[in-house]
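Using numbering that gives the first Met the number 0, read the sequence shown as starting at 0 and increasing by one per residue. Heads up, the beta-carbon is just placed ideally off N, CA and C, and yes, glycines get one too. Here the structure is a predicted model, which means the values were calculated and not measured.
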Amino acid sequence: MRNLRVLLMVEIAIFGALGYVLDFVAFKMPQGGSVSFVMIPIVLIAFRRGVLAGVLTGLLIGLLQIVTGVISVTPLSFGFVVMQVLLDYLVAYGVVGLAGMMRGRYLHAYREHRTGGMITAVVIGLFIGSLLRYITHVITGILFFGMFAEGNVFIYSAVYNATYMIPVFLLAAFVCSALFAAAPKLVDTKA
(Lines of atoms letter the chains of each structure in order from A; the text may use other names.)
(Lines give C-alpha, C1' and ligand atoms only; values in the text may rest on other atoms or scores of the structure.)
Protein backbone atom coordinates (compact mmCIF):
# COMPACT_ATOMS: atom_id res chain seq x y z
CA MET A 0 0.00 0.00 0.00
CA ARG A 1 2.79 2.41 0.91
CA ASN A 2 4.57 1.71 -2.39
CA LEU A 3 1.39 2.52 -4.31
CA ARG A 4 1.13 5.89 -2.58
CA VAL A 5 4.77 6.66 -3.32
CA LEU A 6 4.26 5.62 -6.95
CA LEU A 7 1.19 7.86 -7.19
CA MET A 8 3.07 10.83 -5.71
CA VAL A 9 5.96 10.26 -8.12
CA GLU A 10 3.59 10.08 -11.09
CA ILE A 11 1.83 13.28 -10.01
CA ALA A 12 5.21 15.01 -9.67
CA ILE A 13 6.39 13.77 -13.08
CA PHE A 14 3.17 14.72 -14.86
CA GLY A 15 3.08 18.07 -13.05
CA ALA A 16 6.64 18.85 -14.17
CA LEU A 17 5.82 17.67 -17.70
CA GLY A 18 2.75 19.93 -17.81
CA TYR A 19 4.77 22.87 -16.57
CA VAL A 20 7.39 22.33 -19.30
CA LEU A 21 4.77 21.70 -22.01
CA ASP A 22 3.18 25.04 -21.17
CA PHE A 23 6.31 26.66 -22.64
CA VAL A 24 5.68 24.88 -25.95
CA ALA A 25 3.01 27.37 -26.83
CA PHE A 26 1.62 29.60 -29.51
CA LYS A 27 1.04 33.03 -27.99
CA MET A 28 -2.20 34.60 -29.12
CA PRO A 29 -1.97 38.23 -30.34
CA GLN A 30 -4.44 39.57 -27.76
CA GLY A 31 -3.08 37.43 -24.90
CA GLY A 32 -3.42 33.90 -23.69
CA SER A 33 -1.64 30.99 -25.29
CA VAL A 34 -2.35 27.65 -26.91
CA SER A 35 -0.17 25.00 -25.32
CA PHE A 36 -0.02 21.32 -24.42
CA VAL A 37 -0.36 21.96 -20.66
CA MET A 38 -3.65 20.09 -20.24
CA ILE A 39 -2.44 16.81 -21.78
CA PRO A 40 -0.47 15.54 -18.74
CA ILE A 41 -3.33 16.54 -16.42
CA VAL A 42 -5.84 14.60 -18.51
CA LEU A 43 -3.48 11.65 -18.88
CA ILE A 44 -3.02 11.22 -15.14
CA ALA A 45 -6.71 11.89 -14.49
CA PHE A 46 -7.58 8.97 -16.79
CA ARG A 47 -4.71 6.87 -15.44
CA ARG A 48 -5.23 7.42 -11.69
CA GLY A 49 -8.55 9.20 -11.26
CA VAL A 50 -9.99 12.60 -10.56
CA LEU A 51 -8.03 13.32 -7.38
CA ALA A 52 -4.68 12.63 -9.08
CA GLY A 53 -5.73 14.83 -12.00
CA VAL A 54 -6.78 17.69 -9.74
CA LEU A 55 -3.55 17.43 -7.72
CA THR A 56 -1.48 17.45 -10.90
CA GLY A 57 -3.33 20.56 -12.12
CA LEU A 58 -2.77 22.25 -8.76
CA LEU A 59 0.92 21.35 -8.93
CA ILE A 60 1.28 22.87 -12.41
CA GLY A 61 -0.44 26.06 -11.22
CA LEU A 62 1.78 26.16 -8.14
CA LEU A 63 4.93 25.70 -10.25
CA GLN A 64 3.85 28.61 -12.44
CA ILE A 65 3.23 30.78 -9.39
CA VAL A 66 6.52 30.06 -7.61
CA THR A 67 8.56 30.48 -10.79
CA GLY A 68 6.83 33.75 -11.65
CA VAL A 69 5.40 32.58 -14.98
CA ILE A 70 2.12 34.39 -14.34
CA SER A 71 0.17 37.45 -15.41
CA VAL A 72 -1.42 39.50 -12.66
CA THR A 73 -3.84 42.36 -12.53
CA PRO A 74 -2.53 45.79 -11.50
CA LEU A 75 -4.73 45.93 -8.39
CA SER A 76 -4.12 45.67 -4.66
CA PHE A 77 -2.31 42.70 -3.13
CA GLY A 78 -5.51 41.02 -1.89
CA PHE A 79 -7.00 41.10 -5.38
CA VAL A 80 -3.77 39.77 -6.87
CA VAL A 81 -3.80 36.80 -4.48
CA MET A 82 -7.41 35.97 -5.35
CA GLN A 83 -6.74 36.36 -9.07
CA VAL A 84 -3.65 34.14 -8.95
CA LEU A 85 -5.51 31.46 -6.96
CA LEU A 86 -8.36 31.42 -9.48
CA ASP A 87 -6.31 31.80 -12.67
CA TYR A 88 -3.64 29.26 -11.82
CA LEU A 89 -4.59 26.85 -9.02
CA VAL A 90 -8.33 26.55 -9.62
CA ALA A 91 -8.16 26.82 -13.42
CA TYR A 92 -5.61 24.02 -13.78
CA GLY A 93 -7.03 21.98 -10.92
CA VAL A 94 -10.49 21.71 -12.50
CA VAL A 95 -8.96 20.22 -15.65
CA GLY A 96 -8.35 17.11 -13.54
CA LEU A 97 -12.11 16.61 -13.36
CA ALA A 98 -11.77 15.18 -16.86
CA GLY A 99 -11.05 11.96 -14.97
CA MET A 100 -14.78 11.63 -14.29
CA MET A 101 -14.90 9.85 -17.65
CA ARG A 102 -12.22 7.33 -16.63
CA GLY A 103 -14.71 4.55 -15.92
CA ARG A 104 -16.36 5.01 -19.30
CA TYR A 105 -12.95 4.98 -20.99
CA LEU A 106 -11.85 1.80 -19.21
CA HIS A 107 -15.15 0.10 -20.03
CA ALA A 108 -14.70 0.89 -23.73
CA TYR A 109 -11.04 -0.20 -23.52
CA ARG A 110 -12.00 -3.60 -22.09
CA GLU A 111 -14.54 -4.04 -24.87
CA HIS A 112 -11.96 -2.97 -27.50
CA ARG A 113 -14.19 -0.09 -28.67
CA THR A 114 -11.79 2.61 -29.85
CA GLY A 115 -14.67 4.95 -30.68
CA GLY A 116 -15.98 4.67 -27.12
CA MET A 117 -12.50 5.35 -25.75
CA ILE A 118 -12.09 8.47 -27.88
CA THR A 119 -15.59 9.66 -26.98
CA ALA A 120 -14.82 9.32 -23.26
CA VAL A 121 -11.55 11.23 -23.68
CA VAL A 122 -13.17 14.05 -25.65
CA ILE A 123 -16.09 14.37 -23.20
CA GLY A 124 -13.67 14.38 -20.25
CA LEU A 125 -11.53 17.00 -21.93
CA PHE A 126 -14.61 19.06 -22.74
CA ILE A 127 -15.63 18.99 -19.05
CA GLY A 128 -12.14 20.02 -17.88
CA SER A 129 -11.76 22.67 -20.59
CA LEU A 130 -15.20 24.12 -19.98
CA LEU A 131 -14.56 24.43 -16.24
CA ARG A 132 -11.16 26.01 -16.89
CA TYR A 133 -12.77 28.40 -19.38
CA ILE A 134 -15.48 29.37 -16.88
CA THR A 135 -12.80 30.01 -14.24
CA HIS A 136 -10.87 32.27 -16.62
CA VAL A 137 -14.05 34.12 -17.63
CA ILE A 138 -14.87 34.77 -13.96
CA THR A 139 -11.32 35.98 -13.36
CA GLY A 140 -11.57 38.22 -16.41
CA ILE A 141 -14.81 39.75 -15.18
CA LEU A 142 -13.61 40.27 -11.62
CA PHE A 143 -10.03 41.35 -12.16
CA PHE A 144 -9.48 42.41 -15.77
CA GLY A 145 -12.77 44.21 -16.41
CA MET A 146 -10.95 47.54 -16.52
CA PHE A 147 -9.61 46.57 -19.95
CA ALA A 148 -13.04 45.69 -21.34
CA GLU A 149 -14.45 47.63 -24.22
CA GLY A 150 -18.20 47.48 -23.72
CA ASN A 151 -19.87 44.66 -21.79
CA VAL A 152 -17.31 43.08 -19.44
CA PHE A 153 -18.97 39.64 -19.53
CA ILE A 154 -18.94 39.46 -23.33
CA TYR A 155 -15.40 40.83 -23.43
CA SER A 156 -14.13 38.20 -20.98
CA ALA A 157 -16.08 35.36 -22.62
CA VAL A 158 -14.81 36.19 -26.11
CA TYR A 159 -11.24 36.94 -25.00
CA ASN A 160 -10.91 33.62 -23.15
CA ALA A 161 -12.65 31.66 -25.92
CA THR A 162 -10.05 32.82 -28.45
CA TYR A 163 -7.41 30.64 -26.81
CA MET A 164 -9.45 28.08 -24.84
CA ILE A 165 -11.26 26.69 -27.90
CA PRO A 166 -7.95 25.99 -29.71
CA VAL A 167 -6.47 24.57 -26.47
CA PHE A 168 -9.43 22.18 -26.16
CA LEU A 169 -9.22 21.12 -29.82
CA LEU A 170 -5.46 20.57 -29.64
CA ALA A 171 -5.67 18.58 -26.41
CA ALA A 172 -8.64 16.55 -27.70
CA PHE A 173 -6.76 15.64 -30.87
CA VAL A 174 -3.51 14.74 -29.10
CA CYS A 175 -5.17 12.84 -26.22
CA SER A 176 -7.51 10.95 -28.55
CA ALA A 177 -4.62 9.86 -30.74
CA LEU A 178 -2.42 9.05 -27.75
CA PHE A 179 -5.07 7.17 -25.76
CA ALA A 180 -6.23 5.18 -28.82
CA ALA A 181 -2.70 4.30 -29.94
CA ALA A 182 -1.33 3.49 -26.48
CA PRO A 183 -4.25 2.60 -24.17
CA LYS A 184 -1.84 0.92 -21.75
CA LEU A 185 -0.78 4.42 -20.66
CA VAL A 186 -4.09 4.59 -18.83
CA ASP A 187 -4.27 0.96 -17.72
CA THR A 188 -2.37 0.94 -14.42
CA LYS A 189 -2.44 -2.86 -14.30
CA ALA A 190 -0.53 -3.19 -17.58
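Using a Cβ distance threshold of 8 Å, VAL167 and VAL34 count as a contacting pair. For the pair GLY18 and GLY49, the CB atoms are not nearer than the 8 Å cut-off. With fewer than 16 other Cβ atoms inside 10 Å of its own Cβ, MET146 counts as exposed.
Counting along the chain, PHE26 sits inside the beta strand (DSSP E) bounded by residues 25 to 27. Proximity of the region 24 to 31 to the region 2 to 16 falls short of the contact definition, fewer than three beta-carbon pairs being nearer than 8 Å.
Annotated as distal: TYR133 and GLN30, with beta-carbon spacing of 8 Å or more.
The Cβ atoms of TYR92 and GLY124 lie no closer than 8 Å to each other.
Counting only residues of its own chain and dropping the five nearest sequence neighbours on each side, ALA148 has a CB closer than 6 Å to the CB of TYR155. Short of 8 Å from the beta carbon of ILE118, and not among the five residues preceding or following it, lie these beta carbons of its own chain, in chain order: SER176, PHE179, ALA180. If you draw a straight line from the Cα of PHE153 to the Cα of ALA45, it is about 31 Å long.
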